[in-house]
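Notes to accompany the following structure.
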Amino acid sequence: MSTLGKRSATALLVIDVQNVVVDGAHRRDTVIANIAALVERARRAETPVVWVRHHDDGLPYGSEGWRIVSELSPADGEPIIDKNYGDAFEDTALEQTLAARGVGRLVVTGAETDACVRNTLHGAFTRGYDVTLVSDAHTAGDKTAWGAPPVPAVIDHTNLYWAHQAAPGRTAGVVATDAVDLAGQG
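Quick note: the sequence shown uses the working numbering, first residue 0, plus one each step.
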């Protein structure tokens with residue numbers, strides 16, 4: 000159980016699945032299809048879906064590259080959090096949005112694994128949330144030219160270390176799309 004008191008609800012967090020962010024990303028279509036399936040399941044279960052969009056000098060707010068991919072579409076009333084730091088909690092209304100919905104557990108999907116997904120995972124966990132990463136619903140682009148490992152290794156490593164996170168009063172875990180429980184654990 001999270002350390003956030005009576006906040007027992009779960010939310011699905013969809014991070015930065017924007018045109019330019021996932022253009023050429025590893026297993027792009029499969030990851031987006033997995034996210035779309037989770038969004039549909041969340042809506043049927045009346046689990047909040049919270050969308051996150053990044054913008055900065057290289058990704059201008061309102062540009063075509065900034066838009067959420069056409070395969071995914073926020074529904075009316077689903078919050079969209081605009082951010083310009085890696086951690087979606089930094090200088091945004093994400094915490095207030097989740098608190099207003101009684102959310103203490105996040106199911107995390109999106110891009111990029113080695114940047115905004117990882118930063119937001121840690122940001123949520125240190126703020127007291129239970130955090131489940133969906134192993135086959137996050138991705139990144141190739142950064143080997145800058146010395147990073149190949150993307151499959153980045154994803155595998157993130158899944159491995161997130162499965163072993165621990166802290167008092169909080170849970171962390173990793174599950175595949177088909178095993179996600181939007182109401183409870185896993």
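Cβ atoms here follow ideal geometry from the backbone N, Cα and C, with glycine treated the same way.
- In summary, D135 is buried, with 16 or more beta-carbon neighbours lying within 10 Å of its beta-carbon over all protein chains present.
- When secondary structure is reduced to three states using DSSP, W145 falls in the helix class.
- Excluding residues up to 5 positions away in sequence, N33, A36, L37, V133, D135, A136 lie with their Cβ nearer than 7 Å to the Cβ of T176 in the same chain.
- K5 sits exposed, since fewer than 16 C-beta atoms from the chains shown fall within 10 Å of its C-beta.
- Fewer than three beta-carbon pairs drawn from the segment 40-48 and the segment 154-162 are found closer than 8 Å, and the two stretches are therefore not classed as touching.
- Following the DSSP letters along the chain, one finds D129 inside the beta strand (DSSP E) bounded by residues 129-138.
- Under DSSP, G172 takes part in a beta bridge, and its partners are T131.
- Annotation: V68 to D55 spans about 18 Å, alpha carbon to alpha carbon.
- The three-state secondary structure of R40, taken from DSSP, is helix.
- As far as DSSP is concerned, D180 takes part in no beta bridge.
- Between G168 and Y128, the alpha-carbon positions lie close to 9 Å from each other.
- At least 8 Å separates the beta-carbon of G101 from that of A24.
- Leaving aside the five residues that flank L120 on each side, the residues in its chain whose CB is nearer than 7 Å to its CB run, in chain order, V107, V130, L132, W161.
- Distance from the CA atom of R52 to the CA atom of L181, rounded to whole angstroms, is 22 Å.
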